[in-house]
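See structure below.
Chains as they are written, first to last, in the numbering used here: chain A, 1 to 391; chain B, 1001 to 1325.
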């Protein structure tokens, strides 16, 4: 992440107005779908964004490719704010940021042939491909994504879900973009086909030097493909860091709950595994809770959480510790807690010898933290009501 | 045995020919037991369930053979009005999409109460009271106030709880849950699965859990039946199958889950696509995608070989697959 970010997002906000009345509409509120999201994307990097439905991750994706105009905030592509652009300048930038959609059944026009679908970007950006070359270029693209180039005259319904997603990817690649925003690209696919598409995307990234923003709710696939991961909750990023930091050393309670809720395909783990079962459901983004938005479901919530919005920064407790817990986390009472058993990856992980079980939760013996001034504050919260544990 | 399915065959007559959705499936569930039926779309896992429940669309569907023995009685030979009494009362089903499975113009209380009015002959007032009880039992907050709400006024997780309440209403001995949590977010999915497991334990029900999620299976199942192209390719107790699968398809599914130590490398992917059910390949249906396929796999349909007392595998090379860890 030392290199200059190719894409930088600052305080991005998207509010959808809620109106009342048919003839004379007046605004009575707003759905705060995205409410202050910032991140950077380095060239060649994959940033994963995870979160549950309604957290705003798809709205972020749509704003990145300019399908949705932000209410406020900046999206800087190579230093220039694309939210302020229009006309030719915008068109040039959009060529470089392309999208792959979730549903390969509805994102391809059923009345167009595969050749027309993949070739359509060339109609909008004719400078990329002279007319005579287009057919050949489309066939090359089909070949690149692992489809038979002879299928160019077929229609989408003649393909399976996985093949359609390949067509969607080929269309995204057509203009040789630098950034691809993929919104749940594999979640509509069968397990055995998902792996094929994930492999394809990784191969294309190396081949064409792509940067990915990879949005998904499947945490294991996001971990596999991402260099860095951001976790979203109710319109905000609440924790962001490298894949090891987020998955092995999460410090935000929501990330911890999310990781613990994912069913692990290992029956041996079901007895030993600690599970945090959250109570309640995600509040409405039209009326988000004050202060920390997660506090209504959080077992650590204190008065402070209702009054003060926690900022996305390295928590004071971990500042200067140089450990994997030192990453941005928007929690007043951030603390490390191991959720994913490290048994499946011997040799990887925290290297402190604490990786033997998920039951080790408080890690009070950690000297670095005790000596820190802010640690007392953090410990007060942790002795509160324990989350449910499943046997 | 609570339920035994024997050599079930279901076909669909389509314009492209006869699609053999289920080709001789056998499995069984006992009281208090959880059987997970694992498979991808088109594997026949849901069609089997529909045939058991007796809610298959006939036509185009047709049950071409087999038996569904529930408490010692072959349901396929039972008259429809008899089956209607069993359905809902003694065996119930939970569907994936709660919003489209609930009636949008009736209150939740009316739909829950209907179970008691139809099957138990209760009065409306008593049925309403039972509906509130049920909603409390599936931990819906403020059940008394919400009993008169309509389905769209509930969130996805709450709607799925109402589906569960409806299935539980008459304390059936068998529940079939078809992808009950697929439409839900992970944190809500965990809540719903926990609820389902608690109720199952309490009522000592048999549970058939139909899913494509290997994680969910590992979390709750006692035994697994893996389906592919309308056949069971492997059955085993849950611990055995994850430790050492005895069929190359199961092995492929397990290997395609991203693991920590695979970061930066290619995921294992089963090559190719599942077959079209109107043109299932001869021999073993998996042979065009199988890394182990030999000549015999292309000509002979593999029977379910006995791996050990509790395990079966429909692969000629199950021994080799088992050893290949």
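Ideal Cβ positions, reconstructed from N, Cα and C, are used throughout, including at glycine.
Quick caveat, the model's predicted, so the values are computed rather than measured.
Have a look at the options and flag the residue whose alpha-carbon is nearest the alpha-carbon of residue i.
{"i": "residue 1134 (chain B)", "options": "B:1248, B:1221, B:1153 and B:1112", "result": "B:1112"}
{"i": "residue 1178 (chain B)", "options": "B:1141, B:1154 and B:1095", "result": "B:1095"}
{"i": "residue 1088 (chain B)", "options": "B:1042, B:1120, B:1323 and B:1074", "result": "B:1120"}
{"i": "residue 1276 (chain B)", "options": "B:1019, B:1282, B:1004 and B:1009", "result": "B:1019"}
{"i": "residue 42 (chain A)", "options": "A:180, A:261, A:273 and A:62", "result": "A:180"}
{"i": "residue 331 (chain A)", "options": "A:299, A:252 and A:204", "result": "A:252"}
{"i": "residue 256 (chain A)", "options": "A:34, A:277 and A:84", "result": "A:277"}
{"i": "residue 1042 (chain B)", "options": "B:1131, B:1125, B:1230 and B:1301", "result": "B:1230"}
{"i": "residue 1080 (chain B)", "options": "B:1245, B:1054, B:1125 and B:1164", "result": "B:1054"}
{"i": "residue 394 (chain A)", "options": "A:21, A:206, A:121 and A:177", "result": "Because chain A here runs from 1 to 391, residue 394 (chain A) falls outside it and cannot be looked at."}
{"i": "residue 1296 (chain B)", "options": "B:1288, B:1283 and B:1193", "result": "B:1283"}
{"i": "residue 1015 (chain B)", "options": "B:1061, B:1034, B:1128 and B:1024", "result": "B:1061"}
{"i": "residue 1033 (chain B)", "options": "B:1221, B:1269 and B:1010", "result": "B:1221"}
{"i": "residue 123 (chain A)", "options": "A:95, A:106 and A:147", "result": "A:95"}
{"i": "residue 1224 (chain B)", "options": "B:1024, B:1058, B:1037 and B:1009", "result": "B:1037"}
{"i": "residue 1271 (chain B)", "options": "B:1248, B:1279 and B:1280", "result": "B:1248"}
{"i": "residue 167 (chain A)", "options": "A:200, A:192 and A:212", "result": "A:200"}
{"i": "residue 191 (chain A)", "options": "B:1148, B:1106, B:1142 and B:1255", "result": "B:1255"}
{"i": "residue 1098 (chain B)", "options": "B:1280, B:1156 and B:1129", "result": "B:1156"}
{"i": "residue 1068 (chain B)", "options": "B:1008, B:1115, B:1017 and B:1107", "result": "B:1008"}
{"i": "residue 1046 (chain B)", "options": "B:1322, B:1186 and B:1228", "result": "B:1228"}
{"i": "residue 1163 (chain B)", "options": "B:1187, B:1138 and B:1023", "result": "B:1138"}
{"i": "residue 142 (chain A)", "options": "A:128, A:154 and A:61", "result": "A:154"}
Below 7 Å CB to CB, which residues in the same chain sit around residue i once its five sequence neighbours on both sides are set aside?
{"i": "residue 222 (chain A)", "result": "48, 50, 214, 216 and 229"}
{"i": "residue 419 (chain A)", "result": "There is simply no residue 419 (chain A) to check, as chain A begins at 1 and stops at 391 in what is shown."}
{"i": "residue 14 (chain A)", "result": "33, 34, 59, 63, 68, 70 and 71"}
{"i": "residue 245 (chain A)", "result": "324 and 327"}
{"i": "residue 1310 (chain B)", "result": "1236 and 1237"}
{"i": "residue 162 (chain A)", "result": "189, 193, 196 and 197"}
{"i": "residue 421 (chain A)", "result": "Since the displayed chain A opens at 1 and closes at 391, residue 421 (chain A) lies outside it and no answer follows."}
{"i": "residue 1211 (chain B)", "result": "1036, 1038, 1179 and 1217"}
{"i": "residue 309 (chain A)", "result": "291 and 292"}
Among the residues of its own chain, which have a CB less than 6 Å from the CB of residue i, if the five just before and after it don't count?
{"i": "residue 1304 (chain B)", "result": "1312 and 1314"}
{"i": "residue 165 (chain A)", "result": "104 and 197"}
{"i": "residue 159 (chain A)", "result": "none"}
{"i": "residue 1070 (chain B)", "result": "1003"}
{"i": "residue 329 (chain A)", "result": "239, 251, 252 and 315"}
Is residue i a contact residue of the ligand NAD, with contact defined as CB to any heavy atom under 7 Å?
{"i": "residue 1026 (chain B)", "result": "Although the ligand NAD was asked about, the structure shown includes no ligands whatsoever."}
Take residue i and list the residues in its own chain whose beta-carbon comes closer than 8 Å to its own, dropping the five residues that flank it on each side.
{"i": "residue 18 (chain A)", "result": "27, 28, 29, 30, 31 and 286"}
{"i": "residue 224 (chain A)", "result": "198"}
{"i": "residue 55 (chain A)", "result": "232, 233, 234, 235 and 282"}
{"i": "residue 1093 (chain B)", "result": "1049, 1053, 1055, 1167, 1175, 1176, 1177 and 1178"}
{"i": "residue 307 (chain A)", "result": "290 and 291"}
{"i": "residue 1103 (chain B)", "result": "1111 and 1151"}
Taking buried to mean at least 16 other C-beta atoms within 10 Å of its own C-beta, is residue i buried or exposed?
{"i": "residue 1013 (chain B)", "result": "exposed"}
{"i": "residue 1287 (chain B)", "result": "buried"}
{"i": "residue 86 (chain A)", "result": "exposed"}
{"i": "residue 22 (chain A)", "result": "exposed"}
{"i": "residue 4 (chain A)", "result": "exposed"}
{"i": "residue 274 (chain A)", "result": "buried"}
{"i": "residue 1109 (chain B)", "result": "buried"}
{"i": "residue 1302 (chain B)", "result": "buried"}
{"i": "residue 293 (chain A)", "result": "buried"}
{"i": "residue 320 (chain A)", "result": "exposed"}
Taking residue i and residue j to be in contact with their CB atoms under 8 Å, please state how far apart those CB atoms are, rounded to whole angstroms.
{"i": "residue 1238 (chain B)", "j": "residue 1232 (chain B)", "result": "At roughly 15 Å, the Cβ-Cβ gap does not stay under 8 Å, so residue 1238 (chain B) and residue 1232 (chain B) are not in contact."}
{"i": "residue 1090 (chain B)", "j": "residue 1172 (chain B)", "result": "5 Å"}
{"i": "residue 338 (chain A)", "j": "residue 248 (chain A)", "result": "7 Å"}
{"i": "residue 1026 (chain B)", "j": "residue 1001 (chain B)", "result": "Going by Cβ atoms, the distance from residue 1026 (chain B) to residue 1001 (chain B) rounds to 12 Å, so no, they are not a contact pair."}
{"i": "residue 156 (chain A)", "j": "residue 108 (chain A)", "result": "4 Å"}
{"i": "residue 1245 (chain B)", "j": "residue 220 (chain A)", "result": "Not quite, the Cβ-Cβ distance comes to about 19 Å (not below 8 Å), so this is no contact."}
{"i": "residue 265 (chain A)", "j": "residue 1242 (chain B)", "result": "7 Å"}
{"i": "residue 1170 (chain B)", "j": "residue 1115 (chain B)", "result": "6 Å"}
{"i": "residue 118 (chain A)", "j": "residue 170 (chain A)", "result": "5 Å"}
{"i": "residue 174 (chain A)", "j": "residue 1186 (chain B)", "result": "Not a contact, Cβ separation roughly 34 Å."}
{"i": "residue 1148 (chain B)", "j": "residue 1107 (chain B)", "result": "5 Å"}
By the criterion of Cβ-Cβ separation under 7 Å, what are the contact partners of residue i in chain D?
{"i": "residue 1252 (chain B)", "result": "No chain D appears in this structure, whose protein chains are A and B."}
Interface residues of the segment 224-240 of chain A facing chain B [CB-CB below 9 Å]: Those residues of the segment 224-240 of chain A that come within reach of chain B (Cβ to Cβ, closer than 9 Å) are 224 and 225.
Near-chain A residues of the segment 1254-1270 of chain B (beta-carbon distance less than 8 Å), N- to C-terminal order: 1254, 1256, 1257, 1258, 1259, 1260, 1261, 1262, 1263, 1266, 1267, 1268, 1269 and 1270
Scan the segment 1118-1146 of chain B for residues whose Cβ lies nearer than 7 Å to a Cβ of chain A and list them as they occur along the chain. Of all residues in the segment 1118-1146 of chain B, none has a Cβ within less than 7 Å of some Cβ in chain A.
Under 7 Å, CB to CB, which of the residues in the segment 1212-1240 of chain B have a partner in chain A? Taking a C-beta cut-off of 7 Å against chain A, the contacting residues of the segment 1212-1240 of chain B are 1212, 1213, 1214, 1215, 1216, 1218, 1219, 1238 and 1239, listed in chain order.
Taking a Cβ distance cut-off of 9 Å, strictly less, list which residues of the segment 1155-1167 of chain B are near chain A, in chain order. 1155, 1156, 1157 and 1158
Chain-ordered residues of the segment 146-168 of chain A with a beta carbon less than 9 Å from chain B: 160, 161, 162 and 163
If contact means a Cβ-Cβ distance below 8 Å, which residues of the segment 61-77 of chain A contact chain B? For the segment 61-77 of chain A, the beta-carbon criterion of a distance under 8 Å to any beta-carbon of chain B is satisfied by none of its residues.
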